[in-house]
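Beneath this line is the structure, given in structure tokens, with notes to follow.
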DNA sequence: GTCTATACTGCGATAGAC
DNA sequence: GTCTATCGCAGTATAGAC
């Protein structure tokens with residue numbers, strides 16, 4: 001009973017590569033993390049990693065795909081709503097919940113994207129992710145609004161992201177998330 | 001009449017390296033920019049670049065140093081003021097002016113720092129820059145304030161930075177700067 | 001003082017043996 | 001499924017031409 005196309009594996013090396021890679025990418029960045037480093041942590045060689053993923057970029061790509069579906073669902077739902085203040089409010093609200101629902105490695109990934117924007121920009125693997133964020137961002141700012149309001153719209157997304165991975169802001173994660181949503185709503189929900 | 005310690009040069013290769021490097025770093029990131037790429041644009045070899053700067057990091061370091069003095073002056077002035085809402089307001093006001101006064105490559109550098117946080121983090125060359133931003137950030141948030149207020153304080157700095165290099169926000173640079181200051185003040189000046 | 005030639009190590013990536 | 005061997009390019013480094 002082999003599941004065609006999906007993951008039917010005897011080893012969990014694939015999964016281990018993903019876990020180690022996410023940790024190292026978030027810690028020291030995409031470019032500074034070498035395949036040898038990932039391989040050595042798992043006790044295999046570089047070429048063994050290459051068996052499971054054809055390129056380094058594909059490892060990152062698979063990490064992003066894990067969260068792309070959720071983001072995509074949000075974007076599509078949002079684009080079906082009538083534009084306006086209420087939609088902006090709802091987007092921020094839902095996205096905040098979605099961020100909260102992501103596992104621990106979800107916030108690692110958000111932080112990685114925030115701190116490696118250049119890598120993400122020319123990586124292609126991240127093109128889908130960036131596209132969704134652009135569509136989300138476009139709905140958070142009225143194109144006819146003032147420059148200040150456009151800035152507020154952009155910052156509202158950043159506020160939510162910051163709330164998920166900021167380590168030097170006091171309070172438990174839930175508290176930070178509530179605070180982030182509060183700030184995001186006052187930036188984007190006027 | 002040799003100026004001891006300062007730049008007494010017959011060629012401007014050093015300056016050209018800095019200009020090309022800043023452009024490439026901002027465009028494609030620090031790690032993806034190779035010394036050979038910089039050298040070829042100037043019609044010299046990698047080793048020639050290596051003569052003027054002992055490491056790749058030193059090139060970035062020299063670019064950061066250009067703007068470190070101005071930031072340092074702001075931080076020291078600010079730390080001599082009595083803490084409180086008025087100081088936060090004054091810091092944002094002055095920093096906004098300082099950003100506006102920076103040349104075109106100043107905003108390239110700000111954008112670079114924003115988009116290459118991971119490189120900056122482990123680079124050491126940027127340690128001085130990060131230290132100043134931390135001290136500046138510390139004065140923009142009351143440690144006893146709520147989590148929401150701490151977030152607002154952080155975002156106030158980001159608003160100013162965003163206003164200097166955002167290309168998809170409408171209006172001329174002056175207009176964007178005014179808008180950024182307005183948003184920053186409402187975030188950090190309550 | 002400014003640069004070229006050359007070489008070293010480690011990187012991402014590929015080919016082919018087991 | 002994992003390995004060894006190898007490739008070209010990266011940053012770094014030194015020797016020496018001019």
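Chains as they are written, first to last, in the numbering used here: chain U, 1 to 190; chain D, 1 to 190. Each residue gets a CB set at the ideal place from its N, CA and C atoms; glycine is no exception.
Under 8 Å between C-beta atoms of residue i and residue j
i, j, result
"residue 181 (chain D)", "residue 92 (chain D)", "yes"
"residue 74 (chain U)", "residue 53 (chain U)", "no"
"residue 205 (chain U)", "residue 103 (chain U)", "Residue 205 (chain U) lies beyond the stretch modelled for chain U, which goes from 1 to 190, so this question has no answer here."
"residue 204 (chain D)", "residue 111 (chain D)", "Only positions 1 to 190 of chain D appear in this structure, which leaves residue 204 (chain D) out of reach."
"residue 222 (chain D)", "residue 149 (chain D)", "Nothing about residue 222 (chain D) can be reported from this structure: the residues present for chain D run from 1 to 190 only."
"residue 192 (chain D)", "residue 158 (chain U)", "Residue numbering for chain D in the displayed model covers 1 to 190; residue 192 (chain D) lies beyond these limits and cannot be assessed."
"residue 32 (chain U)", "residue 31 (chain D)", "yes"
"residue 90 (chain U)", "residue 81 (chain U)", "yes"
Contact set between residue i and chain U, taken where Cβ atoms lie within less than 9 Å
i, result
"residue 31 (chain D)", "29, 30, 31, 32, 118, 119"
Chain U contact residues for residue i, given Cβ-Cβ distances below 7 Å
i, result
"residue 148 (chain D)", "179, 182, 183"
Residue i Cβ short of 7 Å to the ligand FMN heavy atom set
i, result
"residue 183 (chain U)", "Among the ligands in the structure shown, none appear at all, so the ligand FMN cannot be discussed."
Cβ distance (whole Å) where residue i is taken to contact residue j below 8 Å
i, j, result
"residue 115 (chain D)", "residue 164 (chain U)", "Contact flag wrong, Cβ pair sits at about 19 Å."
"residue 188 (chain U)", "residue 87 (chain U)", "Going by Cβ atoms, the distance from residue 188 (chain U) to residue 87 (chain U) rounds to 10 Å, so no, they are not a contact pair."
"residue 183 (chain D)", "residue 151 (chain U)", "5 Å"
"residue 41 (chain U)", "residue 20 (chain U)", "5 Å"
"residue 162 (chain D)", "residue 154 (chain U)", "7 Å"
Exercise. Just by C-beta distance, which residues in the segment 150-183 of chain D are closer than 7 Å to chain U?
Worked result: Of all residues in the segment 150-183 of chain D, 150, 151, 152, 154, 155, 158, 159, 162, 163, 169, 170, 171, 175, 176, 179, 180, 182, 183 have a Cβ within less than 7 Å of some Cβ in chain U.
For this session: Give a yes or no on contact between the segment 58-71 of chain U and the segment 118-128 of chain U, applying the rule of three or more CB pairs nearer than 8 Å.
Result: Short answer: they touch.
Problem set entry | Positions along the segment 99-117 of chain U whose CB lies within less than 9 Å of some CB in chain D | Within the segment 99-117 of chain U, the qualifying residues are 112, 114, 115, 116, 117.
For this session: Would you list, in chain order, the members of the segment 122-144 of chain U that have their beta-carbon closer than 7 Å to a beta-carbon of chain D?
Result: Only those residues of the segment 122-144 of chain U whose C-beta falls short of 7 Å from the nearest C-beta of chain D are listed: 122.
For this session: Mind the definition here: the segment 135-151 of chain D touches the segment 133-145 of chain U only if three or more C-beta pairs lie below 8 Å; say whether that holds.
Result: With the cut-off at 8 Å, the segment 135-151 of chain D and the segment 133-145 of chain U do not touch.
Exercise. So, do the segment 25-35 of chain D and the segment 154-170 of chain U have three or more beta carbon pairs nearer to each other than 8 Å?
Worked result: Result no; under three Cβ-Cβ pairs closer than 8 Å.
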